[in-house]
Every structure is written in structure tokens, then in C-alpha cells.
Amino acid sequence: MKCRRHFFTLTVRVGDRMHKLIHVDGCGETGGGGKLLGGLLQGRQKPVKVNEDKGGLLRGIECFALDMDGTVYLGERWIDGAKDFLEAIERLGKRYVFVTNNSSKSPEVYVEKLGRMGLEAGVDKIITSGQAAIAYLKKHYPGKRVFLLGNDLLKQEFAGEGIYLEEERPEVVVTAFDTTLDYGKMCKVCDFVRGGLPYIATHPDYNCPTEEGFIPDAGAIHAFIHASAGRYPDRVIGKPNGDIIDYLVERTGAAKEKIVMVGDRLYTDIAAGKNNGLKGVLVLSGEASLKDLEESEVRPDLVFASVKEMIPFLG
Ligand SMILES: [Mg+2]
Numbered sequence: 002m003k004c005r006r007h008f009f010t011l012t013v014r015v016g017d018r019m020h021k022l023i024h025v026d027g028c029g030e031t032g033g034g035g036k037l038l039g040g041l042l043q044g045r046q047k048p049v050k051v052n053e054d055k056g057g058l059l060r061g062i063e064c065f066a067l068d069m070d071g072t073v074y075l076g077e078r079w080i081d082g083a084k085d086f087l088e089a090i091e092r093l094g095k096r097y098v099f100v101t102n103n104s105s106k107s108p109e110v111y112v113e114k115l116g117r118m119g120l121e122a123g124v125d126k127i128i129t130s131g132q133a134a135i136a137y138l139k140k141h142y143p144g145k146r147v148f149l150l151g152n153d154l155l156k157q158e159f160a161g162e163g164i165y166l167e168e169e170r171p172e173v174v175v176t177a178f179d180t181t182l183d184y185g186k187m188c189k190v191c192d193f194v195r196g197g198l199p200y201i202a203t204h205p206d207y208n209c210p211t212e213e214g215f216i217p218d219a220g221a222i223h224a225f226i227h228a229s230a231g232r233y234p235d236r237v238i239g240k241p242n243g244d245i246i247d248y249l250v251e252r253t254g255a256a257k258e259k260i261v262m263v264g265d266r267l268y269t270d271i272a273a274g275k276n277n278g279l280k281g282v283l284v285l286s287g288e289a290s291l292k293d294l295e296e297s298e299v300r301p302d303l304v305f306a307s308v309k310e311m312i313p314f315l316g
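If you count the sequence shown from 1, position 212 lands on 213 in our numbering, and the numbers rise without skipping.
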């Protein structure tokens, strides 16, 4: 796929926080789009230097929150030097966790995948928007009956964490990246949303990159629901919003100023970090290019060609 993707964000205020819904038009590349390396770019914004950390920002970081696809791997293949980067973090006595918006898979599925790729990482190293949604429900809707539009894996995870799932008389609706959607499920969820129940979404992404191209993600499901029921989610948990970052901070116990969000998407990964008190490092190994950065309002603290180039600056 070669055509460029155009996206814009719709910001809505929900309670104490602004929430972003991402709208994407057209199609796009599935990764490997960041081919512009090094050098200096003169744009509307301040010049951006690549592969530099003059202020020693990375030296002061204790916890690296890493996006996965486009940041450390592409599909089932490590991005060059990514494993060395992970090893370097641990050798220096620092930590990393993977943070993903994808709520169609459980943490165990990621552990298996990383294992297949030769990395032994426990579930403690994985943070998904599904887990962050569970934490949010426990805090804000304790004991409530939840209708979950999601895969069986996610349903098991919710139930295992004590969330009471209910198909007929729910009090809260949660939508996730359900890859087992059918018309009956869509009728149900639209009914509940039309009926005015609190409507929470695990994440806003419109498309999910795969090795074969894009597949429709949670945001596309929200658009369907909106077309029928006239509402977008009241709350969106995943990147670029703050709830997943709150959960990350809680889980890691690290101070916000000691955490950096590293990712290949400006409008989810970097925005999540920068909008919520973390540092943000853009890597050009996945979706975003320097051209995208030039046109973006989201400003990362640092930009690297890939995580490999960050290694000399870690300690
Ligand atoms: Mg990514």
C-alpha cells in the first residue's frame, strides 16, 4: 500500500480531562515508513535533530515505556538493534515495559510472541489498554454489570479480574478491539449506547497495522456505533489519553519525570507521553517520518532513527 494516510483528531472534554478521538482517512503503509534518517529538518516548528541527546535526558530516565509494532519489532521481526537496546536498559539497572493499545490480545499472547522471537519477558512487562480499562472500571464503576464488546480472551481477562460481565442488563458498556464482531453483537452494543449507558472504549485507533496491511480497529467500531446510536465513547482509555498512562505509573511505581514513552506514532505514543507528564521519544523505524513530525503539533523531546541509536545515550 502506498497511499498516504490523513488523520485528524477530535478533542472532547470528559470530566477533568480532554480526550482525543482519532479520525483517519485513506490508507497507509504498515510500517517501515520512516526512511528519512539523520540530519536537520527546517520546518514550521523548531529544527529537529535526530540521534542526539545533548541535555542527557535519557541518562535520567528510569523506566522506558515502549510501543511495540514499529518501535521494537515489525510483525514478527525485531527492528535492528532492538534486542540490544532492551539488554542495555537492563544492564544499566533500568526498566522497560511494553505499552500497547491493542485490546484484542491478552498480555500472555504478547509474552508468547516475544518468547517466539527469543525474548524472555514476563506478563509484568506488558501493559495493554484492556488492563488499563479494567483498572478504570474498578476505580470508577466498582461492582457494576459490564457489557464488553471484545474477544473471548479479553472477556476471560475481565472476568478473571472480578469484572462482572452481563449481556442482557448491563450498567456500563465497554468496547474493545473485537475481531469476532457479528451483526447481533453490533445490534446489542448500539442498543445499550442508544439507551444512554456509560460508554467506555479501550482505545481510539481506527486501523491496526498487520503484515498484510490495515485491518479495522476499535475506532472504526466507534464510527459504526456513532452512525447508529449517535454517540462516541464517553471515555477512551488508551494512548493518547491519560488513563493508560495513570495505569502505567501505578503499575511501575516510577515517578512521571523518570518515565519516557518511546514510539513510532506521534498522535498516539508521543502524544500520550507529552500530554500526561512523561517524556516522549519518537523513533523513525515505523509509521512517522520527519515530514510527519514537521506537520505535527505533537513535539517529542527527542527523535531517533530507531531504538538502536538510543543505546549510547542511556547511561
Ligand atoms: Mg507502533
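C-beta atoms are modelled at their ideal positions from N, C-alpha and C, and glycine is treated no differently.
Annotation for Thr203 indicates a beta carbon at 7 Å or more from all heavy atoms of ligand 1. Annotation for Ala224: the continuous alpha helix (DSSP H) segment containing it runs 219-230. Its chain contains Ala273, Asn277, Leu279 as the residues whose beta carbon lies nearer than 7 Å to that of Ile246, once the 5 sequence neighbours on both sides are disregarded; these appear in chain order. Among the bridge pairs identified by DSSP, Tyr200 is matched with Val174.
Boundaries of the alpha helix (DSSP H) around Arg252: 243-253. In the three-state scheme derived from DSSP, where H, G and I count as helix and E and B as strand, Ala66 is classed as strand. The DSSP-derived three-state label of Leu59 is helix. For the region 253-286, the full-length beta strand (DSSP E) segments reaching 3 residues or more read 260-264, 280-284 along the chain. If you ignore the 5 residues before and after Ala122, its C-beta comes within less than 7 Å of the C-beta of Val112, Leu115, all in its own chain and listed in chain order. Annotation for Ile135: the continuous alpha helix (DSSP H) segment containing it runs 130-141.
The residues Val194, Arg195, Tyr200, Ile226, in chain order, have a CB closer than 8 Å to that of Arg232 in the same chain once the five nearest residues on each side in sequence are set aside. Taking C-beta atoms under 8 Å as the contact rule, Gly287 and Gly71 qualify, at a distance of about 2 Å.
If you check the CB distance, Gly281 and Asp302 come in under 8 Å. The distance from the Cβ of Val263 to that of Val308 is about 7 Å, consistent with a contact at the 8 Å cut-off.
Straight through space, the alpha carbons of Gly161 and Tyr142 are spaced by roughly 16 Å.
Using a cutoff of 7 Å, the CB of Arg266 counts as near ligand 1, since one of the ligand's heavy atoms is closer than that.
Per DSSP, the continuous alpha helix (DSSP H) segment holding Pro108 begins and ends at 108-117.
Residues of the same chain with a CB within less than 6 Å of the CB of Lys106, apart from the 5 flanking positions on each side, do not exist. Taking the CA atoms as reference points, Leu93 sits about 16 Å from Ala66. The Cβ-Cβ distance between Asp68 and Val110 does not fall below 8 Å. Remark: the shortest separation between the CB of Asp70 and any heavy atom of ligand 1 falls under 7 Å. Within the chosen limit of 7 Å, ligand 1 reaches the beta carbon of Glu288 through at least one heavy atom.
Closest by C-alpha distance to Gly131, out of Met118, Asp153, Leu120, Gly119, is Asp153.
The three-state secondary structure of Lys50, taken from DSSP, is strand.
Using a Cβ distance threshold of 8 Å, Ala83 and Ile312 do not count as a contacting pair.
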